[in-house]
Every structure is written in structure tokens, then in C-alpha cells.
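I have placed the structure first, in the form of C-alpha cells, so that the comments after it can refer back to it.
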Amino acid sequence: MPKKITFVNPTDLTLDIDNPRFGELYTGSHKEGDLIEYLLFNESAASLVDRLSVTKEFYVDKPLLVLEDGKKLIVKDGNRRCAAVKALEDPKKYGLTTLPHKFTQLPAVIYKSKLEIENRIIEEHTNSMFREWDRMAKAIEVYRQYQSGSSIQSMEEIDSKPSDLVKLASFYYEAVKISGDDLKKLLRKGRGNTGGKTTIFERLFKYASLCGYRFKKKPEYIIEITDKKRFTAYIKSVVAYLTKNPLTTYREVDDKDEIFFKAIGLPTTPASGSTPPAGNPPASPPRTPKGSTPPPATATPKHKNKAQLKPQYNRTIPGPLKKIIDECYDLNEQTFTNSKIAMSRVVFECCLKYIIEETKHNNILLKDKPYFSSAFQPGKWTNFTTLKSLFQDLVKNKGKKQAFKQFDLETPHQIIHNYNIAGLIRDARTLGDNLLPLVEFMLDTEANLLGSLDNSKL
Numbered sequence: 074m075p076k077k078i079t080f081v082n083p084t085d086l087t088l089d090i091d092n093p094r095f096g097e098l099y100t101g102s103h104k105e106g107d108l109i110e111y112l113l114f115n116e117s118a119a120s121l122v123d124r125l126s127v128t129k130e131f132y133v134d135k136p137l138l139v140l141e142d143g144k145k146l147i148v149k150d151g152n153r154r155c156a157a158v159k160a161l162e163d164p165k166k167y168g169l170t171t172l173p174h175k176f177t178q179l180p181a182v183i184y185k186s187k188l189e190i191e192n193r194i195i196e197e198h199t200n201s202m203f204r205e206w207d208r209m210a211k212a213i214e215v216y217r218q219y220q221s222g223s224s225i226q227s228m229e230e231i232d233s234k235p236s237d238l239v240k241l242a243s244f245y246y247e248a249v250k251i252s253g254d255d256l257k258k259l260l261r262k263g264r265g266n267t268g269g270k271t272t273i274f275e276r277l278f279k280y281a282s283l284c285g286y287r288f289k290k291k292p293e294y295i296i297e298i299t300d301k302k303r304f305t306a307y308i309k310s311v312v313a314y315l316t317k318n319p320l321t322t323y324r325e326v327d328d329k330d331e332i333f334f335k336a337i338g339l340p341t342t343p344a345s346g347s348t349p350p351a352g353n354p355p356a357s358p359p360r361t362p363k364g365s366t367p368p369p370a371t372a373t374p375k376h377k378n379k380a381q382l383k384p385q386y387n388r389t390i391p392g393p394l395k396k397i398i399d400e401c402y403d404l405n406e407q408t409f410t411n412s413k414i415a416m417s418r419v420v421f422e423c424c425l426k427y428i429i430e431e432t433k434h435n436n437i438l439l440k441d442k443p444y445f446s447s448a449f450q451p452g453k454w455t456n457f458t459t460l461k462s463l464f465q466d467l468v469k470n471k472g473k474k475q476a477f478k479q480f481d482l483e484t485p486h487q488i489i490h491n492y493n494i495a496g497l498i499r500d501a502r503t504l505g506d507n508l509l510p511l512v513e514f515m516l517d518t519e520a521n522l523l524g525s526l527d528n529s530k531l
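See the structure below:
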């Protein structure tokens, strides 16, 4: 029987301190005010406060998912939105300058069964792969599902490379045993530059063999500590350095910054044959794990993952299209937030139109196929909503198909055309990150692209 939406007073709702999105990294007390403050400044709920103060509307089509647990109504999905509503009643209490506004009722779907609501949440988030979860939060959730028996393939709808998230989460659970809350503060988002260091730890995975650990091969992927003393020293060194130097970025790892590498005990130019003292990362170069082949030192891999700053593609494209892509990824999302959001949509639409107009199937351009006819208005315009829908339905890989389905064109549209909506740094960053693998997919070689599509529909 379908669940009905009911309306609940915000004061009757309890935030979920064990929520899988943020509960693992939260280090505060059980007081609601502390949790609200954490969500405001570590999970970007403060930006929701700004939006709610303008719209003064909590959308009915996005109800909170609530568990009735005895006398408590615990918010299991929608904690950030609920926290924003609670904070908006007294913004000054949390250091916000927004004018106060009181919501007397919020839409909610109430469940009595914990299993039922958990299954509903899994379904909701699996089908919205590009939700605004931070990478660390997604890793913890993927790891939880993986440990519960879900296959790696089934989680490709959450992330295109769930095995990397399993590695990240298993690394986290070992590292947090050593550095506890100090590590959590580095991994979560926060005010200023004190957090958000997940990428740095991931970039350092390439030096795992130097640091007393490795990752198991398929199908396990989880971390294995090979030298506990060395691993402990390594984690303490990295955490101490990043805590003392909060402006450190992943580029210092990519560039092998001498000060950073020396501080954490890694050489900038590893020398073969040397043996480090026990308890410190060794000075010999990392050995390549069996089954993996590193690219030649002088070569650039043709296809890299979405952690790169710019997409890597295998197709020769027109100069103007390349310029649009480069311009988008050269924009700083903090300084040019609205421009970055708008350009993300421009890049997506230009790449999509390019491959439809320049790719041939059985010597016929895709744009001339009857399948795509509804997306083109002769002599007028291209309906990109229709074109996107038609194209994504051709994609065979489930994970990639979901990536296209969930790529958000509405947010850029509102930023461009609605002067009441402000662009958020988080939106700009998320759109850019989620766009990257889609561009790489579309701009693969013509043969590879066609091989990735269901040609029987054309």
C-alpha cells in the first residue's frame, strides 16, 4: 500500500545522529544544537538556510523520510533540510545573518518498520547516483552495502567505480583507529580549509607499499596492513602535517612537493635498493601490484578517471569544442560559481550535440536517424531535454545510464534564468565532477561509443 505524505511540526522531529551520510564523521555531542551546527557548516546545510529564507517553501514532492521509533519521530532521510528549517527559526544562534522564518509543518512519509525505511532509502539513493553526498560519505555507504553482501556491479548506480570507494572506506576504518577524531575532522567538509582532505589520502594510495599497507585484489578490494608499525607512523605523520598545514591540497601530492613528502616520510624521488629504518615509510620506490601496468613515465594515459582536473578523451574534436571544455574546467568554482554551473550545462549540451551530429551508424549520421527526430525542430532549435533522454536510453551500461539520467540540467537552467536562485559552490563542484566521466564517455572513439550503445534501437 502506497505511503501517504503527512505534515509534522519541525519541533516534533529528531535529527538522526547515526545517519550513514554524516554520522561516521560527526564528533560532537548528542545535543540537537551541536548536530545542527555540524550539518550547517560541514554538510552545507547553511546554503539550504539561505534558499529556504528566499523561497519560504519546503517542497511537498521532496518529503522527509521519518521512522516512528516509540515516541520519537527520527528523520532518516532529509536531515540537512530539517536542520536548515530548525536553524532558520533562530539564525543568530548559529552565527547566520539570514532573516528568521518559522515553518510550522513539514511534509513527511512516516514508517514504522526500520527495515522498510532503510530499503526505501537505499532505493532512493541508488537511483540518484549524483546526489550531493561527499565522496567519503558515499564510500562509507558503499562499504556498508558491500559488507552486507551487495555486489560491486550492483553499486555502479551509486558510483561508476564502487571498488575505489570500498578501498577508501576500508582504509578509513583502519586509519581512524590510529588518529580518531583528528582524522575525521580532516575528511569531512567544514568551515574554511580545515577539512575536505579525502582526495589527498586517495592520491597517496599509490605509495601504499611504502607505508605498510596494500589493497587486496578483485573481488575483495579491502585494505591489508602489511607493517602495522610503519602504517601507524605514516597515518600519524600525515594527520599531523595536514592539521598543522590546513591549506595543503592534493596538488602537492601530484607535484611531489618536497616539504610535504619529507614531512610525512616519503621521498620525492624514490631511490631503488634503499631500505628504510623500521617504523618509517621505506625509501624504495613502490612496487607495481600484480595485475596492474603503470603507464610509461613519458606517456600520458589516454583515459583517466574522474579525479582529474579535466576530462581525457580519445576522439579528435573541433577546436571550439575543446576550448569550451577547457574554459569550463579552468573556472574556479569558488570565484566563478555561477559561470562554472552555467558552463557545465553548455559543455554537456555541446558534447551531446556534437556526437549526435558527427557520429555515423551504418553510414547514417545519428541526427538523421528517425530515433532522434523528435529532438530536432526543423529550422528552429534542438530540444536538449528530449535529446538527452533519447541518448541515455541507448546506453547499455547501467551505471553510465544512471549517470546520464541523474546529471542535473535543471540547476544550471535555474541559475541562468531565475534571479531568485543563487549558485552554490557545492553545486558547481558537483556538476563539474559528475560531468567529467560523461564527457569522457561521449568523446570516446566513434567505434567505442557505438559499441557502448544499443544499436538495435537506432
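Under the numbering used here, residues 74 to 531 are what the sequence shown spells out, in order. All residues carry an ideal CB built from backbone N, CA and C; glycine is no exception. Being a predicted model, the structure only gives us computed values, none of them experimental.
Counting the other Cβ atoms within 10 Å of the Cβ of Thr410 gives 16 or more, which makes it buried.
With three or more CB-CB distances shorter than 8 Å, the segment 130-145 counts as touching the segment 180-193. Counting only the Cα atoms, Leu188 lies some 11 Å from Ile195.
In this structure, Pro83 places its C-beta atom within 8 Å of the C-beta atom of Cys155. With contacts defined by Cβ atoms closer than 8 Å, Lys461 and Leu425 form a contacting pair. Shortest Cα-Cα distance from Phe457 to any of Arg303, Lys478, Leu256 and Leu260 involves Lys478.
Taken in chain order, the unbroken stretches of alpha helix (DSSP H) that lie wholly in the segment 180-237 and span 4 residues or more are 187-199 and 208-220. Bounds of the beta strand (DSSP E) holding Arg287 are Tyr286 to Phe288. A direct Cα-Cα distance of roughly 15 Å separates Gly143 from Ile190. Annotation: the continuous alpha helix (DSSP H) that includes Leu523 extends over Glu519 to Gly524. Taken atom to atom, the span from the alpha-carbon of Lys129 to that of Ile225 is near 41 Å. The closest CA to that of Ile213, considering only Gln178, Val249, Arg193 and Ser186, is found on Val249. Contact check between the segment 392-407 and the segment 505-520: three or more CB pairs, one atom from each, fall below 8 Å, which counts as touching. In the DSSP annotation of this structure, the continuous segment of the beta strand (DSSP E) that includes Lys149 starts and ends at Lys145 to Asp150.
Taking all protein chains in view, the Cβ of Gly222 is surrounded by fewer than 16 other Cβ atoms within 10 Å, so the residue is classified as exposed. For Lys240 against Phe288, the beta-carbon gap comes to about 5 Å, under 8 Å, which counts as contact.
Listed as beta-bridge partners of Lys433 by DSSP are Leu438.
Between Met209 and Thr271, the CB-CB gap stays under 8 Å. Counting other Cβ atoms within 10 Å of its Cβ, Gly285 reaches 16 or more and is therefore classed as buried. For Glu116, the secondary structure class from DSSP, reduced to helix, strand or coil, is coil. Selection Pro393, Asp255 and Leu511 evaluated against Phe464 yields Leu511 as nearest (Cα-Cα).
Judged by beta-carbon spacing, Val122 lies within the 8 Å limit of Pro164, meaning their Cβ atoms are closer than that value. Within the same chain, Cβ atoms closer than 8 Å to the Cβ of Leu169 are found at Leu113, Ala119, Val122 and Ala160, the five residues on either side in sequence being excluded.
Boundaries of the beta strand (DSSP E) harbouring Val139: Leu137 to Asp142, taken from the DSSP string.
Around Leu497, the same chain offers Ser120 as residues with beta carbons nearer than 6 Å, after the five sequence neighbours per side are excluded. Counting every other CB atom within 10 Å of its CB across the protein chains shown gives Ala281 a total of 16 or more, marking it as buried. Counting the other CB atoms within 10 Å of its CB gives Lys258 a total of 16 or more, which places it among the buried residues. Boundaries of the beta strand (DSSP E) harbouring Leu86: Leu86 to Leu88, taken from the DSSP string. In the structure shown, Glu406 adopts coil according to DSSP, grouped into three states.
In the DSSP assignment, Thr79 falls within the beta strand (DSSP E) that extends over Thr79 to Val81. The segment 475-493 and the segment 410-424 touch, with no fewer than 3 CB-CB distances between them shorter than 8 Å. Remark: C-beta atoms of Asp399 and Val312 do not approach each other more closely than 8 Å.
With a minimum length of 4 residues, the unbroken runs of alpha helix (DSSP H) contained wholly in the segment 301-339 fall at 301-317, 324-327 and 331-336. For the options Asp500, Pro319, Gly151 and Ile494, the alpha carbon positioned closest to that of Thr87 is the one of Gly151.
According to the DSSP assignment, Glu275 belongs to the alpha helix (DSSP H) that extends over Thr271 to Arg276. Distance from the CA of Thr459 to the CA of Asp517, rounded to the nearest whole angstrom, comes to 22 Å.
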